[in-house]
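Protein chains in written order, with the numbering used here: chain A, 1 to 383; chain B, 1001 to 1633. The structure appears below as C-alpha cells.
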C-alpha cells in the first residue's frame, strides 16, 4: 500500500468560467492524480467583468479541490501582475499542508511556485506543455521572463515536458534542469476500438484549424489532389476553429463537397465516436507539443499519418504510424493512397493496449507518483 | 427515518438490478414500514411496475429485467404522513424530478405555504414533496431554507443530473463509492458492501484515525474508497459529462459573538430558541418520547417537551450493580418535580453480550467503547416509541467537557515550555505536561483531549505504512486557517465538526436506526447553534463554572441534584465487563487478531498489560469488524 500525498497544483492555465477550456489537459492530469493522492488546484485568473476586487470559488470537482480566485483585471500590465500575485497569495492561504507543488506551464506561475516552495522548504516539479519553446512558434518569452524561467527550471526537482521534442527544444534554448518525459493522458475507457464495418473509407483530422501550426492549407490541397483520382473516401475535418474560413478555403480549392464532412467542437465522447468510425487519421502539423488526438486515434485502433514533429516518438517503429516530412504534400498523398489501396488489418486491441501502457491514467499516475516520491526524498536528503 | 440507496451506471447500463434490492434489504432496520424503487433507463423512462406515487410494494428483483442508467431504492420508516401518498421514490407532478429522502424537515409546513403562494400544488402532506418542489423552485439554494436533519438525492430527468445533499451537522449519514463503471450511494456503508459491487478493504488512513479519534475523520471511513459526504455539503453529478462537483453550503458560525449581550439577554435568547427547537421536533404522526439521562441537557429538554406535549415518555437508563454510573436518582428528582411520565430501565452485561454482533453490524466501523445508545434505543423500541428527543450538543456548544477548562493550563505550560521539556518523564503527569506545552495550535490541543491511541502508539501498532494523525483535525476541519474569536469558540467548532459530526452522530444514528427509532436533537437545530455562537464565551464558562449560561436556563426546569452532579455521561462499566463477563470474547478476539498480520503482536501484548479498557476494546472491536466485514467478503 502506498501513502497518499497531498499535491498542490499551481498552474499558469486552468479551466475557469473566464477560460473554460484553457489548460484542460492540466485538469486531466490533476483528476487522474486525484485517484491516488489528495490534489488541490490553485489558480488565479483576471476577470474584466468582476464587480468586486476578488472572488473565490472553492469546490471539489471530480475529487480535485479547485480553489479558483478571480481578480479584477487591470489594463496596466504591471498592476495586473501585482493583482494576480495578491490573488494567488489569497487563494494559497486556503490550502492546508501539502507535500509537494506540481507546477504546470513554467511562465508566469513559476515565480510564485519558487517563492512559496522556498519559504516552506518544499520540493516542486513542473510539467511543461507550452509550444512557445518550439522554433516554429512565434510566441516567446522576453529576455527577463526567459532568465527568470531558466532559473526556476534549474531549481526544480523535475522538469517534465510532455514529449521528447519539447524537451529537446527546451534544452536547445538553454533551459537546463532535471528532465523526465511524461505524456498527456489518454482515457482508454472512452477511446477504445469498436467493430468498424464502414462502407466508406473515413479519413479524419481534428484540430483548432490553426494555419501556422496545423498547416490546414497543405492538408486541404493534398485532399484536393487525391480527389482528382479517387472518390471512395470521406475526409472528416472536425474542430473548434473558424468553420466559415475553412469552408471558404475548400470552395477556393473546389473540393467536391460529398468528399468532405465538416463538424464543430465535440465532447470527448463525441470525438471518440468519430475516431471509432475512422479508417485513417492524418496530421500535417508544422509543430506539436504532444499530439493528443493522434494518441486517441491510435487508442481507437486507427492508423495515423503524422509529420515528424518529434511527438509520440515511442511509437515511431510501429507499423500503424507513418511519419512524413513536414509540409511534404507528395509524401502525405502517397501515404494516404497507400492506406486507401491497402486492405491490411491492424491489431486494434494491441494498439489500444500500447497507448494504455504509455498514456493510460494508471500509467501516468504511477509515473508521477514515482516522481513525487523521488523529489520528496531527495529534498529531504538535501535538508 | 429511512434508508436510501442509489446506483448510477456510468459506462453501460447493467442488466442486473439485484444489487439495488440487496442494498435496500440491507437497510430494512432503517425503514421497516415500506420499500420503493425507481429505475431510469437510457431514455429516462421511470419504471417501477406501476405508478409509484400511488403505491407499489412489489419486489424489484423478481419483476424487472430492463437495463438501467439510474437506480433509486428506498426503505421507509413512517413518521410524518402515514398514508401511501408519502411513498418514495417520489416525483413531482410532471415526473421530471425524483427524490429519495432520509430525515425530517421540521419547518416544511412554512416552506410548503411559501410554495403554495408561488403556485405549487401538493398531492401529499409529506416533507418529502416539499423538498422536491423547493428544489424545483430554488435549486441547490433550497437547502438554505431547510431546518432539519436530512440526506437526500434528487434525479433531474431532463438535465440528466443527480443532486445529493446532507444536513448541516451530519445527523443523517450518506456514503458513496465510485469506480469507472458505477457510482453507488447509500445511508449505510453496509448497504454498499451488501450490493456486491464493492469489495471491502481496509483504509489504513481511516483506521489510523479511528484508533486516534474513535472514528475515521470524514470524509474518510475505515473502508477503502467508501467516502462519507461531509456535513453541510452537496454533490452535483452531471451524468452527461460524468463531472461531479462537491460544495459546502453552510459553515459553523464562528466570529459571530455579540458582546453587547447581557447575561439576562443571553439567557432569554437561549431559552426562546430552545423552545422553538423542541417545538419543531415534537411534530410527528407517531409517538414521540425523550431520553432523559439525568444530566442537564437531556433533562431540560425532557421537561420543556413535557410542557408542550404532556405525558410524553421520558426514558432513563440504569445499570444493575454499578451505582457509580447511575444518574437515576437525579432524573427521578426532576421527574417528580414535574410529574413526568418517567420510565427507568436497568441493563445487565448480557444485554450487551447478547447483542455484540448487532452492535458491530450497526456501528460499521471499529469503536473504542460500547455505547449505551444501543441499549437506550432498544428500550425506546420496547416502549413503542418511534421518535426520541436527545440532548446531544449541549456539552459541545456550552463547554461541558474538561478541555474547556484547560486553556489557562495550556497557556501557562506554553510559556514555560523550554523549561518543561527538560522534565524527567518518569511520572505520567510530567509526560503530559511536556506534551501539552508542545502544542502550537488549537487543533493539536483539541486532539490531545480526544485521543484513544496517540500518534506514537499508532506508529508502533500498525504494520502498514504509518499515517500520521498529528494534523488530521486542522487539515480536515480548518484547512482554510479560520481564526477564532477565542479558544472556547475554537474548541466548540472542532467539537461540532469532529466529535458531533463524525463520532456521536454516527453512534446515535446507527444505534437508533437499528431499532427503527428516530433520534431528534433540539440542541443541534442550526438556528439554536447560531444563537449559541452569538452568546459571548464568558457566559458559557464563568469562574470555571462550565455551561454556566445553560445552567441558568435549566435551573428553572430541573432539580438541584441534576444541576450540581458530576458529569457521568452514558458510560458503560467496560473495564469491569472486560475482566469478567466479556473476558472470553476479549481473549478469543485478541488471539484471532494476532493471526491477521494487521498489527504488531508485541505491541498488542503491551497494550493488554496497560489495562486501558478503551485501547483494549478498540482492538477487540477491530477484530470483530474485520471478521464481520472484511474477511468474509
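Ideal Cβ placement from N, Cα and C applies to all residues, glycine included.
Item                                                                                                                          : Value
Distance, residue 308 of chain A Cα to residue 314 of chain A Cα                                                              : 13 angstroms
Residue interval of the beta strand (DSSP E) (run including residue 205 of chain A)                                           : 201-207
Secondary structure of residue 462 of chain A, DSSP reduced to three states                                                   : There is no way to answer for residue 462 of chain A, as the model of chain A reaches only from 1 to 383.
Closer than 9 angstroms to chain B by CB, residue 267 of chain A                                                              : yes
Neighbour-count burial assignment, residue 1426 of chain B, 16 or more Cβ in a 10 Å radius                                    : exposed
Residue 1531 of chain B, DSSP secondary structure in three states                                                             : helix
Residue 379 of chain A, enclosing alpha helix (DSSP H) - first and last residue                                               : 361-382
Local Cβ density within 10 Å of residue 53 of chain A, reported as buried at 16 or more and exposed below that                : exposed
Limits of the unbroken beta strand (DSSP E) element including residue 1459 of chain B                                         : Looking at the DSSP string, residue 1459 of chain B is not in any beta strand (DSSP E); the run it does join, the alpha helix (DSSP H), is 1455-1461.
Residue 1442 of chain B vs residue 1290 of chain B beta-carbon contact at 9 angstroms                                         : no
Residue 1159 of chain B: contacting residues in chain A (beta-carbon distance under 8 angstroms)                              : Simply none; closest approach about 16 angstroms.
Chain A within 9 angstroms of residue 1621 of chain B, Cβ atoms only                                                          : no
Residue 1480 of chain B: contacting residues in chain A (beta-carbon distance under 7 angstroms)                              : 94
Three-way DSSP call (helix, strand, coil) for residue 1054 of chain B in this model                                           : At residue 1054 of chain B, the pLDDT of 38 sits below 50, so the modelled position is not reliable and the matter cannot be decided from this model.
Chain-ordered neighbours of residue 362 of chain A on chain B, where CB pairs are closer than 7 angstroms                     : None at all; the shortest Cβ gap to chain B is about 11 angstroms.
Local Cβ density within 10 Å of residue 1584 of chain B, reported as buried at 16 or more and exposed below that              : exposed
Residue 1061 of chain B at chain A interface by Cβ criterion, 9 angstroms                                                     : Below a pLDDT of 50, predicted positions are generally treated as unreliable, and residue 1061 of chain B, at 46, falls in that range; the measurement from the model is reported next regardless. Not an interface residue.
Proximal chain A residues relative to residue 1474 of chain B, where beta-carbon distance stays under 9 angstroms             : 96 and 97
Boundaries of the alpha helix (DSSP H) in which residue 1101 of chain B is found, first to last residue                       : First-last for residue 1101 of chain B: 1097-1105, but that is the beta strand (DSSP E), not the alpha helix (DSSP H).
Where residue 1596 of chain B falls: helix, strand or coil (DSSP)                                                             : coil
Contacts that residue 59 of chain A makes with chain B (C-beta to C-beta distance below 7 angstroms)                          : 1245, 1246 and 1247
Residue of A:289, A:348, A:267 and A:247 minimising C-alpha distance to residue 386 of chain A                                : No answer is possible for residue 386 of chain A: the residues shown for chain A start at 1 and end at 383.
Near-chain A residues of the region 1117-1143 of chain B (beta-carbon distance less than 8 angstroms), N- to C-terminal order : none
Opening and closing residue of the beta strand (DSSP E) in which residue 75 of chain A lies                                   : Note, residue 75 of chain A: premise wrong, no beta strand (DSSP E); not H, not E.
C-beta contact flag for residue 1311 of chain B and residue 1341 of chain B at 9 angstroms                                    : yes
Where residue 62 of chain A meets chain B, residues with beta-carbon distance less than 7 angstroms                           : 1243 and 1244
C-beta neighbour in chain B for residue 36 of chain A, strict 9 angstroms                                                     : no
Euclidean distance between Cα positions of residue 1682 of chain B and residue 1184 of chain B                                : Residue 1682 of chain B cannot be examined here, being either before or after the span of chain B that is shown, 1001 to 1633.
Minimum Cβ-Cβ distance from residue 1465 of chain B to chain A less than 9 angstroms                                          : yes
Reduced DSSP category for residue 1147 of chain B - H, G, I as helix; E, B as strand; rest coil                               : coil
Chain A residues whose Cβ lies nearer than 8 angstroms to that of residue 1579 of chain B                                     : The premise fails here: residue 1579 of chain B is roughly 36 angstroms from chain A at the closest Cβ pair, so nothing lies under 8 angstroms.
Collapsed DSSP secondary structure at residue 236 of chain A in the structure displayed                                       : strand
Straight-line Cα distance separating residue 1222 of chain B from residue 1453 of chain B                                     : 16 angstroms
Span of the beta strand (DSSP E) around residue 407 of chain A                                                                : Residue coverage of chain A in this structure runs from 1 to 383, which leaves residue 407 of chain A outside it and unanswerable.
Delimiting residues of the beta strand (DSSP E) encompassing residue 1177 of chain B                                          : 1175-1178
Residue-chain proximity (residue 1078 of chain B, chain A), Cβ-Cβ < 9 angstroms                                               : no
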